[in-house]
Amino acid sequence: MINDTVVALSRWQFASTALYHFLFVPLTLGLTVFIASLETVYVVTGKSIYREMTQFWSKLLLINFALGVATGLTMEFEFGTNWSFYSGFVGDIFGAPLAIEGLMAFFMESTMIGLMIFGWDKLSRGQHLIVTYLVALGSNLSALWILVANGFMQDPQGAIFNPVTLRMELQSFSALIFSHDAQAKFVHTSIAGYVTAAIFVAGVSAYYMLKKRHLEIAKRSFRMATIFGVLSTIGVITLGDALGFIGAHAQPAKIAAMEAMWVTEPTPAPFNLAAWPNQAKQENTWALQIPYLLTPLLTHTMDTKIPGIAEIEADNVVRIKNGIPAVEALKLLSANPTDPAAMTQFKAHEQDLGYGFLVERYAQDQDVSKATDADIAKAAKDTIPDVFTIYWVFRIMVAFAFLMLAFFVFGVIYSLRNDIEKHPVYLRFAMWMIPVPFLACEMGWITAELGRQPWTVYNLLPTWMSASSHSVSYMVFSLIGFVSLYSIFIIIEMYLMVRAIKQGPDVHHGANTGGHTKDKSLGGSVLGGSYAPVHAKALMDEQSAKEV
Amino acid sequence: MKVIGYFLLFFVLAMILIVLAIILGDSAPWYFAWIIGTGLLILTSAAAGFMFDTQEDKAKGELQ
């Protein structure tokens, strides 16, 4: 018998570890690419200030990367410890991208980041640039494989359920990696990382400009970050629209929840700009609507019907009833895999197998043949996710996206006019903007994962069946342990980041800079920090050149 | 001879990229968009750095 509290605690544990982990991930995804851009300028121009910029932002990347890895490692184990039925059910498909991620992307990223940080005086400029690009590629490929795995959970493609082995089996690897959901989600997530890095760089640069420190580095970084950021934000919003378009076809219940759409409206449907959804009454207590907007926004047409929650729930009652014979046939097949009648019955109803599983939770003795209409109605209600939370979390994410776009537009204007320092209010605002993309990323994940409920694999495997059979005390203990440990990681990250930012870049440019002044007074320890040997060597080289 | 060698190398590279673009554009349009988009982002932000230097050099020249 599955314990609902254990399932809920397992969900909380995975959600909390994933959300903690994703506080580190987007910055790594974006900063690696941004650093590649910085180093490209260094290699092309030969100006050492760009090398110092590259090294400084790499130092912050390294702090973030190390803690990101620490928080990410546990998550893969959680699938086995807390979601053992899920792992058995879809392991053949889900395991492949995760294994590729570890062997191909993560190993490449981890190896190359070492060369990138410590290889400045070991590699030529060109070789180091290639290494930096490989770090950027590796970190984003890592995200790609994780999101291919997640894409399968959202829209299972390329696999089929085998009623004899009781497992999902991979049929088409290309269908798995080229699924529309995986594609759009990867690009959306990756570019969200670019936006995060751009805001982070702009915010830290703004801090230096306000403090009148490291101005040469800060102004250049700010210029490059705002251009990088404005284009990335446009990309994120575009891909957000693409994900909505794909979701409208693949996950209608999630889309209806995101838009608080309780009933099917005549086309073109109105858009609920703001609303107060009431799940118990299945209505909005109040709503501020814009007529005719939702249909073109979501479907890119004026006449495609968008099903409301009531209609989806009614359709799901039919699917649950159709899924019950599939579950019954499955039980017969598990006793006798060669039973032809059971196989015929299963084949006739297999498209609704997951819906049959849904009602098993409520049926007496978890026997679907004893399911009553009331049980089916309860299971159908479960197919609608938490509308209030999804609706508002989604809206906050979108609002943040447009706030960031406006922020970058102003940043680009001020930077291109070269008068950014004359706008202290904007610079202070830039510092306060640093948490915004991180929060937006978290909101995006909450929308995606909460909106997928009650499924771990959409339309196939309900969440309530997926969890392991731990005790409540075990789950409470491990949840407290994870939250405590990860909170410590966050504190360590914040401490190290703030310390590194206050310390500032190791400034020693001047020789071979094409006109940049040597300025050690701008702060930062010339020989301090993790770059001491590198910089010491550079300074000695400069000194030797002068002596000659 | 060296120029012809480079020409052939880049020509073959261009052909491979075109074939890759056709395949990716057909079955993986968003992945293709990511590759092109990321390259564009890197180059544009690098161009922003060059532009900043040019503006700074010009401003210094005017001061002198």
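From first to last, the protein sequence lines stand for chains F and P.
Residues 681 to 1228 (the numbering used here) make up the first sequence, in order.
Residues 4 to 67 (the numbering used here) make up the second sequence, in order.
Note that beta-carbon positions come from the ideal geometry of N, C-alpha and C, so glycine has one too.
On a predicted model such as this, the values are computed, not experimentally measured, just so you know.
If you draw a 10 Å sphere on the C-beta of threonine 981 of chain F, you find fewer than 16 other C-beta atoms in it, and that means exposed. Neighbours of lysine 899 of chain F in chain P, taken as residues whose beta carbon is under 8 Å from its own, are Phe55 in chain order. Collapsing the DSSP output to three states places glutamate 939 of chain F in coil.
The beta carbons of alanine 716 of chain F and tyrosine 813 of chain F sit closer together than 7 Å. In its chain, beyond the 5 residues on either side, Met833, Gln834, Gln931, Lys934, Pro1065 and Tyr1138 have a beta carbon closer than 8 Å to the beta carbon of arginine 1132 of chain F. Within chain F, the residues placing a beta-carbon under 7 Å from that of alanine 51 of chain P are Arg903, Met904 and Ile907, ordered along the chain. Of the candidates F:Gly782, F:Tyr874 and F:Ile773, the residue whose Cα lies closest to the Cα of asparagine 830 of chain F is F:Ile773. Of the residues assessed, glycine 752 of chain F falls on the buried side of the cut-off, its CB having 16 or more other CB atoms within 10 angstroms. When DSSP states are grouped into helix, strand and coil, alanine 1128 of chain F belongs to the helix group. Between the alpha carbons of phenylalanine 714 of chain F and glutamine 837 of chain F lies a distance of about 33 Å.
A residue is called buried when at least 16 other Cβ atoms come within 10 angstroms of its Cβ; serine 859 of chain F meets this threshold and is buried. In this structure the segment 725 to 739 of chain F touches the segment 894 to 914 of chain F; the number of beta carbon pairs closer than 8 Å is three or more.
Counting along the chain, the unbroken beta strand (DSSP E) around threonine 965 of chain F starts and ends at 963 to 970.
Shown here is that no member of the segment 944 to 963 of chain F has a Cβ falling below 9 Å from a Cβ of chain P.
Taking 7 Å as the threshold, the shortest C-beta distance from glutamine 863 of chain F to chain P falls below it. The way I'd put it, the segment 1156 to 1171 of chain F does touch the segment 685 to 704 of chain F; three or more beta-carbon pairs between them come closer than 8 Å. Taking 7 Å as the threshold, the shortest C-beta distance from threonine 708 of chain F to chain P does not fall below it. With respect to alanine 1006 of chain F, glycine 1036 of chain F sits close: the two C-beta atoms are nearer than 7 Å.
Restricting attention to beta strand (DSSP E) runs no shorter than 3 residues, the segment 1064 to 1142 of chain F encloses them at 1135 to 1137, ordered along the chain. Look at tyrosine 34 of chain P: its C-beta is under 7 Å from a C-beta on chain F. Distance between serine 854 of chain F and serine 767 of chain F, taken at the CA atoms: about 21 Å. When secondary structure is reduced to three states using DSSP, isoleucine 840 of chain F falls in the strand class. Nearest CB-CB separation between phenylalanine 858 of chain F and chain P: below the 7 Å threshold.
With contact defined as three or more Cβ pairs closer than 8 Å, the segment 1113 to 1129 of chain F and the segment 942 to 959 of chain F are not in contact.
Distances from the CA of valine 1067 of chain F to each of F:Val770, F:Gln962 and F:Asn762 were compared; the closest alpha carbon is that of F:Gln962.
Remark: three or more beta-carbon pairs, one from each stretch, lie closer than 8 Å, so the segment 966 to 983 of chain F and the segment 940 to 949 of chain F are flagged as touching. For a Cβ distance threshold of 8 Å, residue set Asn1098 of chain F lies close to glutamine 58 of chain P, ordered along the chain.
For leucine 953 of chain F, no pairing in a beta bridge is given by DSSP.
Within its own chain, the residues whose Cβ lies closer than 6 Å to the Cβ of phenylalanine 759 of chain F, once the five positions on either side in sequence are excluded, are Ser767, listed in chain order. Under the DSSP definition of a beta bridge, asparagine 958 of chain F partners with F:Glu963. Here the alpha carbon of glutamine 807 of chain F sits roughly 29 Å from the alpha carbon of threonine 869 of chain F. The Cβ-Cβ distance between threonine 1136 of chain F and serine 1149 of chain F does not fall below 7 Å.
Only buried fits phenylalanine 702 of chain F, as 16 or more other CB atoms lie within 10 angstroms of its CB. Scanning the segment 1145 to 1195 of chain F from its first residue to its last, no whole beta strand (DSSP E) run of 3-plus residues comes out. Pairing alanine 1015 of chain F with glutamine 1025 of chain F gives a Cβ-Cβ distance that is not under 7 Å. A Cβ-Cβ contact shorter than 7 Å links isoleucine 729 of chain F with glutamate 896 of chain F.
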